[in-house]
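This report concerns only the one structure given below.
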Amino acid sequence: LLQQAGRSLSLCEMLRRALIYGANGALGRALACAFKKEGGPGTWITYGIDTTPCTPCDTSILAPKELNMQLVAQSTQVLDAVHNEVAALNHKLDAVICVSGGFAMGNANDPSLFETVESMYGSSVFPSFLASKIAATHLKPGGLLVLPGAGVGGSTATPWGLAYGSAKASVHHLVRSMGSDPEGETSGLPPSSTVVGFAPVTLDTPGNRQAMPDADTSTWTPLPVLADHLKAWAQDPSLCSSGVVYKVVTSNEQKTTLMEPMP
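In this text, residue positions in the sequence shown follow the working numbering: the first is 4, and each later residue adds one.
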């Protein structure tokens, strides 16, 4: 018998494995908790990558914070750690889900423009490339790769936030490019992989509530609802279409819907 989360699992019980990049952010923790909930086929083992440990995950893999702007150096350490936890134990991943991201204002005349560019690319683009590399190496054929887009910015002009919009547009490009090659002949992903993006407008996080105390939160997306959607995709990738970035829309009744492809 295996021990997981305080209960015994028989060896014949199906185990699935998901890796969460950005696991210790608000959405990452919600997603890790969603995978631990009962419901759906199989039992999930989760790996969480972040600069600090993610306690809801079964295994935490640390991405050195001091190397956040040094993609080559950081990727070497992260990829080696993932190999030791996954491939070295003869495992494959069913899903790789990146939920790392950030937000910043700043136009072309902003004194801190280049610091903002570093921050936005370090929080959104670099993790998405790392998640893609992990998927190319460790994802099962027919597995799922999810990357974090934006409902505002990824496909629209953002003169008020050049670095933010540019970073999110880059992530949307990754989704559409890798998703256009379902058999992995040119993308480098395993055959029959599904690659999608999710694009929320505003997530209902403690940070957003603190930053916007007077905002109307009725259309903000609750983290558990979005996390359940992402888990459902991981359980059955046929629920989504590869190469599509889905805009996340929340109604006044706090019911989240993953909409049609973004332009």
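Think of the CB as a built atom: it goes at the ideal place given N, C-alpha and C, for glycine as much as any other residue. Since the model is a prediction, treat every value here as computed from it, not as a measurement.
| Check | Outcome |
| --- | --- |
| C-beta contact flag for residue 20 and residue 82 at 7 Å | no |
| Residue 224 versus residue 145: straight-line alpha-carbon distance, rounded | 29 Å |
| Supposed close pair residue 166, residue 119 - CB separation, criterion 8 Å | 4 Å |
| Beta strand (DSSP E) runs wholly inside the stretch 71-127, at least 3 long, in chain order | 96-101 |
| Residue 105 versus 130, 73, 64, residue with shortest Cα-Cα distance | 130 |
| Residue environment, residue 110, which counts as buried when at least 16 other CB atoms sit within 10 Å | exposed |
| Range of the contiguous beta strand (DSSP E) that encloses residue 203 | 197-203 |
| Three-state secondary structure (DSSP) of residue 46 | strand |
| Integer Cβ distance of residue 66 from residue 54, believed to fall under 8 Å | 6 Å |
| Beta-carbon proximity check, residue 227 vs residue 33, cutoff 7 Å | yes |
| Nearest-angstrom beta carbon gap, residue 234 and residue 38 [assumed within contact, 8 Å] | 6 Å |
| Simplified DSSP assignment, three categories, for residue 182 | helix |
| Segment limits, alpha helix (DSSP H) that includes residue 131 | 129-141 |
| Presumed contact (8 Å Cβ cut-off) between residue 102 and residue 30, rounded CB distance | 5 Å |
| Under the three-state DSSP convention, the category residue 165 falls into | helix |
| Inter-residue CB distance, residue 155 and residue 100 (contact presumed, cutoff 8 Å) | No, residue 155 and residue 100 are not in contact; Cβ-Cβ is about 21 Å, not under 8 Å. |
| Within the stretch 201-226, ranges of the alpha helix (DSSP H) (whole runs, at least 4 residues) | 209-214 |
| Three-state class that DSSP yields for residue 229 in the structure shown | helix |
| Pairwise C-alpha distance: residue 176 and residue 18 | 32 Å |
| Buried versus exposed call for residue 215 [16 or more other C-beta atoms within 10 Å across all chains shown] | exposed |
| For residue 151, the three-state DSSP class (helix, strand or coil) | strand |
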